[in-house]
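Structure first, then comments.
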Amino acid sequence: MNEFWRLPENVSTFGGPIDSMFHLIAWITIVVFFGVELLLLWFLFRYRARPGRKATFTHGNSRLEIIWTAATAIMVVYLGIISRGLWLDIKDPARFPEPGLELIVRAKQFEWNTHYPGADGQLGTADDFVRRNQMSVPVDVPVRITLQSEDVIHSFYLPEFRLKQDAVPGMNIPAWFEATRTGEFTVGCAELCGLQHYRMKGTIRVLSAEEFSAWNAQQMAAAPAPGPLPGSASNAAGSPVVAAAGHAH
Amino acid sequence: MERGPSSFGVYNMKLGMWVFLLSEVMFFTGLIGAYIILRFAQPDHFALPGQVLNVPLTALNTFFLICSSVTMVKAFAAIELGDQKGLQRWLLATAIIGMIFVGIQVVEYTVLSHEGFVPIADLYQAHGRQGGHEVLGGPLYGATFYTMTGFHGTHVSIGVACLWFTYFKARRGGYSAANFGGVENMGLYWHFVDLVWIILFTIVYLI
Amino acid sequence: MSTAAAMHEVPAHGAHGHHEEIPFIRKYIFSTDHKIIGIQFLFMSLAFLLLGGLLAMAMRWQLAWPSNAEMPMPGGSLLPETMVNSGIMLPEFYNALVTMHGTIMVFFAIMPLLVGVWANYLIPLQIGAPDMAFPRLNMLSFWMAFTAGILMLASFGVTGGAANAGWTGYTPLSINDVYSGVKTGQQLWALSLTLLGFSSLVGSVNYITTLINMRAPGMTWFRLPLSTWALFITSVLILLAVPVLAGGLIMMFFDQTLGTNFFKPESGGQPLLWQHLFWFFGHPEVYILILPSMGFVSDVIANGSRKPIFGYYAMVWAIIGIGFIGWIVWGHHMFMSGMNPLLGGFFMITTLVIAVPSAIKTFNWMGTLWGGNIRFHAPNLYAISFVALFAIGGLSGIFLAAGPVDIPLHDTYFVVAHIHYVLVGRSLFGIFAAITFWYPKMFGRMMHEGLGKVHWLLTFIFFNTTFFPMHMIGSGGMMRRLYDPTQYPHIAQMQDTNVFITINALLLFAAQLIFAFNFIWSLFKGKKAGTNPWEANSVEWSAPSPPPHGNWGGVQPVVYRGPYEYSSPESEHDFLLQTQPPAGQPVPARH
Chain A
67 MNEFWRLPEN VSTFGGPIDS MFHLIAWITI VVFFGVELLL LWFLFRYRAR
117 PGRKATFTHG NSRLEIIWTA ATAIMVVYLG IISRGLWLDI KDPARFPEPG
167 LELIVRAKQF EWNTHYPGAD GQLGTADDFV RRNQMSVPVD VPVRITLQSE
217 DVIHSFYLPE FRLKQDAVPG MNIPAWFEAT RTGEFTVGCA ELCGLQHYRM
267 KGTIRVLSAE EFSAWNAQQM AAAPAPGPLP GSASNAAGSP VVAAAGHAH
Chain B
1281 MERGPSSFGV YNMKLGMWVF LLSEVMFFTG LIGAYIILRF AQPDHFALPG
1331 QVLNVPLTAL NTFFLICSSV TMVKAFAAIE LGDQKGLQRW LLATAIIGMI
1381 FVGIQVVEYT VLSHEGFVPI ADLYQAHGRQ GGHEVLGGPL YGATFYTMTG
1431 FHGTHVSIGV ACLWFTYFKA RRGGYSAANF GGVENMGLYW HFVDLVWIIL
1481 FTIVYLI
Chain C
573 MSTAAAMHEV PAHGAHGHHE EIPFIRKYIF STDHKIIGIQ FLFMSLAFLL
623 LGGLLAMAMR WQLAWPSNAE MPMPGGSLLP ETMVNSGIML PEFYNALVTM
673 HGTIMVFFAI MPLLVGVWAN YLIPLQIGAP DMAFPRLNML SFWMAFTAGI
723 LMLASFGVTG GAANAGWTGY TPLSINDVYS GVKTGQQLWA LSLTLLGFSS
773 LVGSVNYITT LINMRAPGMT WFRLPLSTWA LFITSVLILL AVPVLAGGLI
823 MMFFDQTLGT NFFKPESGGQ PLLWQHLFWF FGHPEVYILI LPSMGFVSDV
873 IANGSRKPIF GYYAMVWAII GIGFIGWIVW GHHMFMSGMN PLLGGFFMIT
923 TLVIAVPSAI KTFNWMGTLW GGNIRFHAPN LYAISFVALF AIGGLSGIFL
973 AAGPVDIPLH DTYFVVAHIH YVLVGRSLFG IFAAITFWYP KMFGRMMHEG
1023 LGKVHWLLTF IFFNTTFFPM HMIGSGGMMR RLYDPTQYPH IAQMQDTNVF
1073 ITINALLLFA AQLIFAFNFI WSLFKGKKAG TNPWEANSVE WSAPSPPPHG
1123 NWGGVQPVVY RGPYEYSSPE SEHDFLLQTQ PPAGQPVPAR H
């Protein structure tokens, strides 16, 4: 099934339930699809015009109408109900798991800048450091990110994590994920953001706990007093965290 | 002509006007909806209306516009009875009051601009009616204010032009007790414009 | 109110009896006759359809062979170097192509093809009226649409080129040329669409008033054909949705030109406000783009099956239901936007619910075919394909409606597959059915049946081979609006599929030339058509082909029954015109 739909390998915790729901819907739709199309073909054959035949003069059948309306309604309501819980688990900050790492991902034309909290573990302080287009995270740890944008709307997309969230200028939008295996994966932009939208690519490396600590320590040691990246418009003193968080409308 | 079933028993021009006004309701709903959303999203861009806007003058203007609706009703009542002179008199009154409304609004806009209350973000420097040094509100206030009231004012101006047209047609004997559809529709449009203003005035100037 | 016996002359534009010779310009260019206006819309929108298709072919070429010097873009040398340089397309041009393909297809091709053409042409004929309620306003509506089209085309020629922020024009990309590289083009985009919106609005005032007030005696609401019902609800949607878009476009234009900041975050504006305004209009818009087609398909399938439509009342309520629920689903376009997730949950439910009336319609069409005596004439082939493809377009929508599953699929080619299945597989097939079906009424000649069948078959095949694989590359993670998909390894590995899609798209486009040829050839050489070549029932088939000014030559039709009484025991034929008096009643006198 995954092959047919070319789903990338899943490496996140909520990716599994998403894929399961995808497959459920795929099976339901395939069954309905074949049912409808085969029935249609049968009707076209069986009821084709032939000399001497007359069509059945009927205006409908109320009972059938009620049955198929109810069946469809039940199916869609069922899908809605099972989707809602998972949807809120992924998107509602009130339901995010306790994060082991908090980052800011700041999008701009045409790169992804990830801000790390540095030695004091606090974002928005002088010891934060920034990685451009390449982010590293530990495996099996819930990571909470706050998405920002410096210019236009971008969309932070991790195909293998089944994660996607728009980054809107003027807003701080929370998202989270937890990687289930180590490796190097894709970061892409999924909202037309200008002429080089097609190249706004990054990588995300998932490291083991030890590797991540080592890498983190190395970054903190190497980072000088954080300044703006070449060409970046971000504020020099610490990362530009806007205090007022919250959802849009 | 033999007529088929007609759901509302209303002649074409009148039905058409009602349908058109429905779309106008949606237009102003879009603008007012945007204003409400922006006001909740960025409250610091807005100020208490009385600080920046001339509420008493606009209240007077609102009163004028309501009066013009009354004169419009009287014009329609006149032609229903075939009173040509009455029709002309009340149409003229409506048109003139309409022009006064627009005139006062132009004055209001001029004064507000001099006080720094403009729709252009880079130039917004509203110091309010008291004068003073701090800037009240922010550019979103100017942008939404001028867009909403400006489009309303445009509708009033178009209405005034139509009123003059109707007046001159009345002078040529274009309407009668048996043929007053044009006046009725003019009235519908004018009352609509008045109603939108009452809503706008409440939302923009009083809340 | 209505008696069969009394027939009155219908005054047409103040002239009784015969007309003096109307000069060519008044008759065909600045005409106020709804039929001519409908045909004007037809020619205009078919031209835009062709243009939109060409733009798509250019896009597909770039996607299959991105910046590949060995596969230079055909026709590239005709274009300026700011667009295509040495056979290689520039990203500026690609983004503009993407934007203009969508804009032109949605606003200047499909929408006028469904509404401008058919609401104008069919409504008076199907309700038994001599013309629209406001014929001069109708003419104004066409010329405003035409002018809007010119403005949109002109944007290709201005400095910076045409709009390139997507047909959805998300802010702040679309309001700031520092970000997009385009200033005048985006302004023209906003102005053109505002003018077009006004044109549609004026049109819908006409359609609604005409439908409510000018039905023939005996034509009650529940005797209207489903085409008319669909066009009515569509007109109401236009009336209420377009003004909101207009408001948004005006605010966008002010931001672009006057320095306001509605959508500019750097000075407190809200980019998401644009999305709400756009999609509040945009979702009813997509139902505007499908409902009329559903109506045509109903009329054609009933005619092709020689049976009444199955569940007429259910069909009417389904149309009304879709129109109604369509107002509260717009947030599903914004699932990833940063909108409050609880709101997302609400929109998820409403979006899933709207599947129900659509499903009802599919089952009812199947019910119409069941037990029928099916004729496979060209219009019916298109209509049946609509039903078949409806299943795919609708079902793919379910994936997107379920919030969690939308996360990996949003803004990927899965969505592109979905929109093209519904817009091409459904709307466009419905349009082909309608054109082929009503062509004889419009022009007095039949389209060539054999060519029609060939066009249908090739289009059906290539449409599926082009767009079905898009589902898979979408779930494989290919995002939308990518100038060069091979930049991403996970997409580069699917590049063969992109090439496959492009080749089939080119074949699909080529197949449309058969339709174009058939359309033009049949104008001159098509078999002459009688009044009722399809042996259909609705009122337009009682008028001559083509109908004169005033439609029935001064006689008011009277309606006695519903529009789908095919194979009725009351008739010796397998059809029964709505205007046919019941046996024993005198035929109304004709002047």
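Chains as they are written, first to last, in our numbering: chain A, 67 to 315; chain B, 1281 to 1487; chain C, 573 to 1163.
From the three backbone atoms N, C-alpha and C, an ideal C-beta is built for every residue, glycine too.
- For G688/C, the nearest beta carbon of chain B is not closer than 9 angstroms to its own beta carbon.
- Taking C-beta separations shorter than 8 angstroms and ignoring five residues to either side along the sequence, the partners of I979/C in its chain run F907 and M908, following chain order.
- Contact of V1299/B with chain C by beta-carbon distance below 7 angstroms involves V777, I780, T781 and L811.
- At least 9 angstroms separates the beta-carbon of G819/C from that of P1419/B.
- In the displayed model, N1090/C falls within a helix according to three-state DSSP.
- Per DSSP, the unbroken alpha helix (DSSP H) holding N785/C starts and ends at T756 to N785.
- With a threshold of 9 angstroms between beta carbons, T832/C makes contact with chain B.
- The closest CA to that of F826/C, considering only P1329/B, L1361/B and V1398/B, is found on V1398/B.
- Between the segment 797 to 809 of chain C and the segment 702 to 720 of chain C there are fewer than three inter-stretch CB-CB distances shorter than 8 angstroms, so the stretches are not counted as touching.
- At a Cβ-Cβ threshold of 9 angstroms, Y1138/C and S870/C do not count as neighbours.
- Secondary structure at G1126/C: coil, using DSSP grouped into helix, strand and coil.
- Using a 10 angstroms sphere on the CB of F679/C, the tally of other CB atoms reaches 16 or more, which defines it as buried.
- Counting the other Cβ atoms within 10 Å of the Cβ of D1324/B gives fewer than 16, which makes it exposed.
- Closest by C-alpha distance to W899/C, out of A1375/B, V1473/B and M1306/B, is M1306/B.
- At a C-beta separation below 8 angstroms, M938/C has these neighbours in chain A: V102, L105, L106 and F109.
- Between W902/C and K1025/C, the alpha-carbon positions lie close to 38 angstroms from each other.
- The secondary-structure analysis by DSSP pairs F251/A across a beta bridge with I270/A.
- By DSSP's assignment, R198/A forms a beta bridge with N179/A.
- Distance from the CA of N1292/B to the CA of N1459/B, rounded to the nearest whole angstrom, comes to 14 angstroms.
- Interface annotation, V816/C: not in contact with chain A, CB-CB separation never under 9 angstroms.
- Counting along the chain, no beta strand (DSSP E) covers D1402/B, and no H or E run does either.
- With 16 or more other CB atoms across the displayed protein chains lying within 10 angstroms of its CB, Q1368/B is buried.
- Listed by position along chain C, the residues whose Cβ is nearer than 7 angstroms to that of A139/A are V928.
- Ranking L821/C, N952/C and G624/C by CA distance to the CA of A115/A puts N952/C first.
- In this structure, DSSP gives W690/C a helical state, which the three-state scheme calls helix.
- Remark: C-beta atoms of R210/A and F162/A approach each other more closely than 9 angstroms.
- Taking the C-beta atoms as reference points, R150/A is found nearer than 9 angstroms to I921/C.
- Annotated as proximal: S1110/C and Q1150/C, with beta-carbon spacing under 9 angstroms.
- Under the Cβ criterion (8 angstroms, minimum of three pairs), the segment 271 to 285 of chain A counts as touching the segment 181 to 200 of chain A.
- Distance from the CA atom of M823/C to the CA atom of V777/C, rounded to whole angstroms, is 24 angstroms.
- The beta carbons of P929/C and I970/C sit no closer together than 9 angstroms.
- Between L1333/B and chain C, the shortest Cβ-Cβ separation is not below 9 angstroms.
- Listed as beta-bridge partners of L229/A by DSSP are L224/A.
- Bridge partners of T212/A according to DSSP: I170/A and P240/A.
- The residues R795, in chain order, have a CB closer than 6 angstroms to that of G1134/C in the same chain once the five nearest residues on each side in sequence are set aside.
- Contact between A1101/C and G1016/C holds, since their C-beta atoms are separated by about 6 angstroms, short of 8 angstroms.
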